[in-house]
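Heads up: the structure comes next, in structure tokens.
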Amino acid sequence: MIERLRQVFVHAHNLHEQCRFYETLGFKLRFRDGDRWAQFDTGDASFALAGDEEALGAAPGEWLPVFQVPSLDVSMTEARAAGGTVGDVRDMGDHGRTVRVTDNAGASFALFQPA
């Protein structure tokens, strides 16, 4: 079960330069974690830049929507049963767990379960 669209992120190979670009467009930076992650305030769902380490295998410039789920394990089982493929789970400690999923037509997205 999907609870909501939590955020959309883009893999930013040069996070510093891309962060400056979006700030110039008027995006308000919520927080930044060095070259790993930058998150902007955009209303109900956030927009983020993911550095190489945080991009869940996305190619530079690739966008991934992130859907919040109550149980990552259940959602991964459902995705596989529907014909999708599921990547490796990334445990982010106090933040939660996330995983990249590719649907049966090749479109990718991420699932996220808060801690």
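Numbered according to the working numbering, the sequence shown spans residues 2 to 116.
Note that beta-carbon positions come from the ideal geometry of N, C-alpha and C, so glycine has one too.
No experiment lies behind these values; they were computed from the predicted model shown.
Mapping the DSSP letters down to three states, classify residue i as helix, strand or coil.
i      : result
Arg98  : strand
Arg21  : helix
Gln75  : The residue you asked about is not Gln; residue 75 is Val in the sequence shown. Helix at Val75.
Arg5   : strand
Ala82  : helix
Asp89  : coil
Pro61  : coil
Leu26  : coil
Asp104 : coil
Can you tell me the Cα-Cα spacing of residue i and residue j, whole angstroms?
i      : j      : result
Trp64  : Leu16  : 14 Å
Lys29  : Phe41  : 5 Å
Val1   : Ala56  : The chain is shown only over 2 to 116; residue 1 falls outside these bounds and no answer can be derived.
Gly88  : Val100 : 6 Å
Phe113 : Gly84  : 19 Å
His12  : Ile3   : 23 Å
Ser72  : His14  : 30 Å
Pro66  : Ala46  : 10 Å
Who are residue i's beta bridge partners in DSSP?
i     : result
Val70 : In DSSP, Val70 forms no bridge with anything.
His12 : Ala51
Ala39 : Arg33 and Leu50
Beta strand (DSSP E) containing residue i: first to last residue?
i      : result
Ala111 : Ser109 to Pro115
Any 3 or more C-beta pairs closer than 8 Å across the stretch 74-84 and the stretch 41-59: Pairwise C-beta distances place the stretch 74-84 out of contact with the stretch 41-59, as fewer than three of them are shorter than 8 Å.
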